[in-house]
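Trainee: Numbering (the working numbering), first residue to last: 61 to 295. Ideal Cβ positions, reconstructed from N, Cα and C, are used throughout, including at glycine. This is the structure I want to talk about, given as structure tokens.
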Amino acid sequence: MEPRILQVRTRILKDNDKVARDLRRRFDDAGVFVVSLVSSPGAGKTTFLQKTLTLLRPSLRVAALVGDLATDNDAKRLQESGAPVRQIVTGTVCHLEAAMVERSLDGWALDELDILFIENVGNLVCPASYDLGEHLRLVLLSTTEGEDKPLKYPTIFNTADIAIITKTDMAAAAEFDRTAAVAAIQSVRPGMEVLEVSARTGAGMDAWLTYLKSRRDVIGERTGAGRIGAGQITT
Ligand SMILES: Nc1nc2c(ncn2[C@@H]2O[C@H](COP(=O)(O)OP(=O)(O)O)[C@@H](O)[C@H]2O)c(=O)[nH]1
Ligand SMILES: [Mg+2]
């Protein structure tokens, strides 16, 4: 049985990669920079995104897609920022796929956006293998979930561009060992950049926006996704 399961899985991934490639081209043509977020459930993706959208909204045209197995709770929370948001309900599927992203963009004028965020389903395993056509992938690790998570789920850290340690305001209460967490990240992905934030207090959010701006400039210059005419990030 195993070889057949593998064949089917390989085919699904190939199909996904093709849709993701087309999506990325579409994003580049529209000049929209796309950022996805992955983490375990409850690591703080929606809260971090809510804060990010609110901080960016005055100067940039931002929007978000958010995936969940059930409910549109997160979309409602993100809409409080005033940005356009769409929920993707995946049912039993534990990750977003490029085709789901493509379908959910129906009717949106992408060239009227500067940055599109995609919050993936909370899961440290399934989303790792699915390219969504994004330019930048963030993996979030909260101070309350254990410093060894990167060692247990190396693939998700290997497919992300940057690790963001969240809920730093809880670090002392959770007896979070920062050195051990950073060492775990570095051992699965040597040289990986790490930022530390608290969306609750706002600590570290400036550094995050500076990082976002620099990646949008560098990647956007190469691909067209951050080209002139698009809004500026002011931090
Ligand atoms: N103390 C603290 N709590 C946070 C922070 N970010 C998120 N939370 C809380 O953590 C829980 C899960 O957050 P949520 O954003 O829904 O995580 P998601 O499942 O990854 O989208 C909620 O109760 C949030 O209020 C933070 O920076 N500090
Ligand atoms: Mg969420």
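For the alpha helix (DSSP H) that PHE217 lies in, which residues bound it at each end?
Mentor: Against the sequence shown, residue 217 aligns to sequence position 157. Its alpha helix (DSSP H) spans residues 214 to 219.
Trainee: Say the cut is 7 Å; is the CB of GLU157 nearer than that to a heavy atom of ligand 2?
Mentor: Taking the first residue of the sequence shown as position 1, residue 157 is located at position 97. Answer for GLU157: no, Cβ out of range of ligand 2.
Trainee: Answer yes or no: the CB of ARG85 versus the heavy atoms of ligand 1, is any distance below 7 Å?
Mentor: Numbered from 1 along the sequence shown, position 25 holds the residue referred to as residue 85. Answer for ARG85: no, Cβ out of range of ligand 1.
Trainee: Is it right to say THR270 is buried, meaning 16 or more other beta carbons lie within 10 angstroms of its own, or is it exposed?
Mentor: Residue 270 sits at position 210 when you count from the first residue of the sequence shown. The residue is exposed, with fewer than 16 neighbouring Cβ atoms inside 10 Å.
Trainee: Starting from LEU97, trace the alpha helix (DSSP H) in both directions and tell me its first and last residue.
Mentor: Here the question's residue 97 lines up with position 37 in the sequence shown. Run containing LEU97: none in the alpha helix (DSSP H); it sits in the beta strand (DSSP E), 93 to 98.
Trainee: Under 7 Å from any heavy atom of ligand 2, does the C-beta of ASP134 make it?
Mentor: What you label residue 134 is simply residue 74 of the sequence shown in a count that begins at 1. Yes, since a heavy atom of ligand 2 falls inside the 7 Å radius drawn around the Cβ of ASP134.
Trainee: Go to THR239, then tell me how far its alpha helix (DSSP H) extends in each direction, as first and last residue.
Mentor: Taking the first residue of the sequence shown as position 1, residue 239 is located at position 179. For THR239, the uninterrupted alpha helix (DSSP H) run begins and ends at 238 to 248, by DSSP.
Trainee: Under the criterion of a Cβ to heavy atom distance below 7 Å, does GLU194 qualify as lining ligand 2?
Mentor: To locate residue 194, count along the sequence shown from 1; it is residue 134. No, since every heavy atom of ligand 2 falls outside the 7 Å radius drawn around the Cβ of GLU194.
Trainee: At what residues does the beta strand (DSSP E) containing ALA223 begin and finish?
Mentor: Here residue 223 refers to the residue found at position 163 when the sequence shown is read from its first residue. Segment 222 to 226, the beta strand (DSSP E) holding ALA223.
Trainee: Considering SER202, what are the terminal residues of the beta strand (DSSP E) in which it resides?
Mentor: The count along the sequence shown starts at 1 and reaches residue 202 at position 142. That run of the beta strand (DSSP E) goes 196 to 202.
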